[in-house]
Amino acid sequence: MKPEEIQFALNLKALTAPQCRRIVEALVQDSQTRTDLTKICKLTPASIDKHLDILVQAGLVKFRSVKGVERAHLQASKFNQTLDWFIKLNL
Numbered sequence: 018m019k020p021e022e023i024q025f026a027l028n029l030k031a032l033t034a035p036q037c038r039r040i041v042e043a044l045v046q047d048s049q050t051r052t053d054l055t056k057i058c059k060l061t062p063a064s065i066d067k068h069l070d071i072l073v074q075a076g077l078v079k080f081r082s083v084k085g086v087e088r089a090h091l092q093a094s095k096f097n098q099t100l101d102w103f104i105k106l107n108l
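Heads up: the sequence shown is residues 18 to 108, going by the working numbering.
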């Protein structure tokens, strides 16, 4: 498999979980802490951790320390190929 095909498969797999989609939606506007995501997404800390791990493994989310606070950041460029594929379908 080509790297872009692997990324495409990882994206689709990660986004099958509604919890992952809620986290992505929360990160579209701005980076968030795990605590923020718990409140915004109305999920338990354990669920946030589990689904963030899935998104991190897919390369869709990265963590950065901002003033000593770890924040989750969406890696928007990782979605491009998947979006392009859906656009080509002309649904």
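Built from N, CA and C at the ideal position, the CB exists for glycine as well.
All values reported here derive from a predicted model rather than from experimental measurement.
About 14 Å separates the CB atoms of Leu77 and Leu54; that is not less than 8 Å, and the two are not in contact. Ala89 is positioned such that its CB atom lies closer than 7 Å to that of Gln49. Rounded to whole angstroms, the separation of the alpha carbons of Val41 and Ser64 is 14 Å. Secondary-structure assignment with DSSP links Val78 through a beta bridge to Leu91. Nearest in C-alpha terms to Asn28, of all of Arg51, Arg81, Ile71, is Ile71.
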